[in-house]
């Protein structure tokens with residue numbers, strides 16, 4: 001494909017759509033691969049896939065292969081799902097929660113998300129889903145952005161405590177956060193300090209991208 005080849009020289013935009021939730025969504029050929037972007041940041045594939053792959057490697061592919069059920073809050077184009085199924089070769093169930101149906105339409109059309117048989121996509125608000133679900137999960141991945149903004153509820157102790165309660169023993173939370181200023185640094189440290197250290201271990205991974213910081217929470221028991 002000529003667009004793919006040319007994308008090693010210059011990014012080639014092939015699709016653009018206005019979304020009520022995400023404002024502008026764009027699909028672009030960049031360095032030989034399709035990526036999904038919002039107006040100001042990468043939503044799927046590209047740098048975001050590298051970031052979440054780094055987090056999954058820190059948890060350990062061997063650990064992930066033993067898991068039964070993974071919950072993803074914030075699906076976008078599904079790059080972390082592709083990492084799980086294609087690279088890790090994870091065989092278990094994946095539930096993806098996405099509030100923006102426009103994104104899922106794009107993900108199905110350009111990234112073939114609907115061809116992943118073990119994936120169930122739920123169009124819902126992540127906050128509401130977490131409060132309602134009766135399932136327990138081995139791994140919960142949080143990757144929720146509205147362009148470059150993160151909803152405040154993600155960092156509230158009420159939500160984080162409820163989210164942690166959904167983990168199975170020895171389960172993990174992988175939380176992708178965006179750091180744009182010192183206030184965000186303070187926010188992340190406060191978030192970690194409020195996690196019950198008797199039941200959970202927490203760590204922040206060294207950044208591999210300037211503005212993304214990964215937090216990993218592991219349930220001890």
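Residue numbers (full-length UniProt numbering): 1 to 221.
C-beta: ideal position from N, C-alpha, C; glycine also.
Only a predicted model underlies this, so the values are computations on that prediction, with no experimental measurement involved.
Proximity test, Cβ basis, 9 Å: residue i and chain D
i           : result
residue 109 : Absent from the structure is chain D; it holds one protein chain and no more.
Residue i versus residue j: straight-line alpha-carbon distance, rounded
i           : j           : result
residue 121 : residue 55  : 22 Å
residue 175 : residue 11  : 29 Å
residue 70  : residue 141 : 8 Å
residue 115 : residue 108 : 8 Å
residue 14  : residue 46  : 16 Å
residue 185 : residue 191 : 10 Å
residue 183 : residue 216 : 20 Å
residue 144 : residue 189 : 19 Å
residue 98  : residue 9   : 33 Å
residue 103 : residue 170 : 32 Å
Selected residue, minimal CA-CA separation from residue i, among the options
i           : options               : result
residue 156 : 148, 168, 179 and 194 : 194
residue 198 : 85, 218, 159 and 185  : 218
residue 181 : 212, 158, 204 and 162 : 212
residue 117 : 93, 127, 104 and 105  : 93
residue 95  : 75, 83, 89 and 86     : 75
residue 86  : 113, 103 and 104      : 113
residue 158 : 102, 172, 128 and 204 : 128
residue 83  : 106, 50, 102 and 27   : 50
residue 207 : 179, 160 and 200      : 179
Residues near residue i by beta carbon distance below 6 Å, same chain, minus five either side
i           : result
residue 39  : 23, 24 and 147
residue 202 : 192, 195 and 217
Nearest-angstrom beta carbon gap, residue j and residue i [assumed within contact, 8 Å]
i           : j           : result
residue 7   : residue 29  : 4 Å
residue 111 : residue 34  : 7 Å
residue 73  : residue 126 : 4 Å
residue 205 : residue 214 : 4 Å
residue 2   : residue 172 : With a Cβ gap of about 42 Å, residue 2 and residue 172 do not count as contacting.
Identity of the residues DSSP links to residue i by a beta bridge
i           : result
residue 35  : 28
residue 95  : 71 and 120
residue 220 : The partner list for residue 220 (beta bridge, DSSP) is empty, contrary to what the question assumes.
residue 178 : 212
residue 13  : 28
Own chain partners of residue i with C-beta closer than 8 Å, once the 5 adjacent residues on each side are dropped
i           : result
residue 166 : 71, 130, 133, 135, 136, 137 and 140
residue 65  : 88, 89, 90 and 91
residue 42  : 35, 36 and 48
residue 106 : 15, 17, 25, 27, 36 and 77
Own chain, CB closer than 7 Å to residue i, minus 5 neighbours either side, in chain order
i           : result
residue 149 : none
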